[in-house]
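2 protein chains.
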Amino acid sequence: MKIEELIKQTKFVSPLQKAILNLIYTYHWHVDQAAVLFKPFGITMQQFNVLRILRGKHPEFVPVGDVKAVMLDKNPDLTRLCDRLQEKGWIERETNSCNRRQVLLRIAKPGLELLEKMEPLLQQQAAEMNHLSAEEAELLSDLLDKLRG
Amino acid sequence: MKIEELIKQTKFVSPLQKAILNLIYTYHWHVDQAAVLFKPFGITMQQFNVLRILRGKHPEFVPVGDVKAVMLDKNPDLTRLCDRLQEKGWIERETNSCNRRQVLLRIAKPGLELLEKMEPLLQQQAAEMNHLSAEEAELLSDLLDKLRG
DNA sequence: TGAAAACATTTGTTTAAACGAATATCTTCA
DNA sequence: TGAAGATATTCGTTTAAACAAATGTTTTCA
Chain L
54 MKIEELIKQT
64 KFVSPLQKAI
74 LNLIYTYHWH
84 VDQAAVLFKP
94 FGITMQQFNV
104 LRILRGKHPE
114 FVPVGDVKAV
124 MLDKNPDLTR
134 LCDRLQEKGW
144 IERETNSCNR
154 RQVLLRIAKP
164 GLELLEKMEP
174 LLQQQAAEMN
184 HLSAEEAELL
194 SDLLDKLRG
Chain W
54 MKIEELIKQT
64 KFVSPLQKAI
74 LNLIYTYHWH
84 VDQAAVLFKP
94 FGITMQQFNV
104 LRILRGKHPE
114 FVPVGDVKAV
124 MLDKNPDLTR
134 LCDRLQEKGW
144 IERETNSCNR
154 RQVLLRIAKP
164 GLELLEKMEP
174 LLQQQAAEMN
184 HLSAEEAELL
194 SDLLDKLRG
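Here is the structure:
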């Protein structure tokens, strides 16, 4: 359904504003969809995001700051987010002996297993809502890049 | 800057996944930008969104449920959001005498004035980041519509 | 009519987000 | 060397989000 119908608004200040409203709407739509999938695993999107970043570096340890730098949203409280990940046994944490200011993170085995368990469900969800061709998806991504300037 | 560089990831499961990561990233980018603008006025994006919806119907009263239906994100706690708007004097609230279950909302004069004061700043911000042509913005919006199916 | 179902919003409670200030460590350079 | 500044993370506190259950009202239909 088009954004005009969804938010019952036909006039927009500009095409750009319409696109941004659609961006916000579509983001929340995606979050709502993903939440259904994430909930049974007791994990939030942000936590999942951090686990995936750590998996990308496994078996290396990664400083908290490096994780923060590449997160999709810059959670200002990564400390307590990591507390929760550690409590669940999904990550390991230790201070860097070379630079004792830094805290190093590494995904633990249960964390890797969790991601593996979730992956097929995510794939399936993506497949079910595959309304864009590969070219269109690339184009969408390019336009978002361009929007940010 | 392209999303690949921003999140330091070159391989993606699919173009769709890349587009969705970009959607999430760009949404947060936008929220961060808007927050700077909104903060001096003591208003959040959600609250602003509600005020704009009410302005679209002014001087009519609108049921809370109707507002919820067209919100960009379906805040489950519109009651307390409206409490805050009312405390600041931006909206009026009364129960519908024809259907006493419903609560009706209307934007108040200070609310209208607030929006008028903020509008030029928003326009300016939009103008400054006008990296998309009108056609590109339309295309972006269409692709987002299509993504949702 | 009047009991059950549907509806619209509110409230209670747990949990997490937001923000600034604080702590601890390292680097620089007079 | 050692004081000032920069860096990396953590903590304290206020505020809001999330979710389920509850309240009050209207509609339906036996």
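Protein sequences, first through last, are from chains L and W. Here the numbering used here is used: the first residue of the first sequence is 54, the next is one more, and so on. Here the numbering used here is used: the first residue of the second sequence is 54, the next is one more, and so on. Ideal placement from N, C-alpha and C gives every residue a C-beta, glycine not left out.
Query, Result
"DSSP beta-bridge partners of residue 159 of chain L", "L:145"
"Residues near residue 167 of chain L by beta carbon distance below 8 Å, same chain, minus five either side", "94, 96, 104 and 143"
"Any C-beta of chain L under 9 Å from that of residue 150 of chain W", "no"
"Within-9 Å CB hit, residue 92 of chain L to chain W", "no"
"As assigned by DSSP and simplified to three states, the class of residue 117 of chain L", "helix"
"Per-residue DSSP class, three states only, for residue 60 of chain W", "coil"
"Selection from W:81, W:87, W:62 and W:55 that minimises the alpha carbon distance to residue 174 of chain W", "W:87"
"Spatially closest choice to residue 115 of chain W from W:141, W:179 and W:155, by CA coordinates", "W:155"
"Below-9 Å beta-carbon distance, residue 77 of chain W vs any chain L residue", "yes"
"Cα-Cα separation, residue 134 of chain L to residue 82 of chain W", "20 Å"
"Residue 130 of chain W: contacting residues in chain L (beta-carbon distance under 9 Å)", "Under the 9 Å cutoff, chain L gives no residues; its nearest Cβ is about 15 Å from residue 130 of chain W."
"Same chain, Cβ closer than 6 Å to residue 147 of chain W, five either side skipped, listed in chain order", "157"
"Inter-residue Cα distance where the pair is residue 130 of chain L and residue 149 of chain L", "20 Å"
"Against chain W: residues of the region 81-114 of chain L by CB proximity under 9 Å", "81, 82, 83, 84, 85, 98, 102, 106 and 109"
"Cβ shell of residue 65 of chain W (< 6 Å), same chain only, five flanking positions each side left out", "71"
"Inter-residue spacing [alpha-carbon to alpha-carbon] between residue 54 of chain W and residue 109 of chain W", "36 Å"
"Run of the alpha helix (DSSP H) containing residue 79 of chain W, from where it starts to where it stops", "68-91"
"Residue span of the alpha helix (DSSP H) that contains residue 198 of chain W, given as start and end", "187-201"
"Interface positions of the region 60-75 of chain L facing chain W (Cβ-Cβ less than 8 Å), listed along the chain", "60, 61, 62, 66, 67, 68, 69, 70, 71, 72, 73, 74 and 75"
"Chain L contact for residue 171 of chain W (CB, 9 Å cutoff)", "no"
"9 Å Cβ cutoff met for residue 136 of chain L and residue 78 of chain W", "no"
"Alpha helix (DSSP H) segment containing residue 98 of chain W, residue limits", "98-110"
"Interface partners of residue 201 of chain L on chain W, CB under 7 Å", "79 and 82"
"Any chain L beta carbon closer than 9 Å to residue 193 of chain W", "yes"
"CB contact flag (residue 161 of chain L, residue 69 of chain W, <9 Å)", "no"
"Selected residue, minimal CA-CA separation from residue 159 of chain W, among W:169, W:60, W:111 and W:102", "W:111"
"Chain-ordered neighbours of residue 123 of chain W on chain L, where CB pairs are closer than 7 Å", "60 and 61"
"Three-state secondary structure assigned by DSSP to residue 94 of chain L", "helix"
"Beta-carbon proximity of residue 98 of chain W to residue 201 of chain L, cut-off 9 Å", "no"
"Residue 165 of chain W (DSSP reduced to helix, strand or coil)", "helix"
"Interface partners of residue 126 of chain L on chain W, CB under 7 Å", "81"
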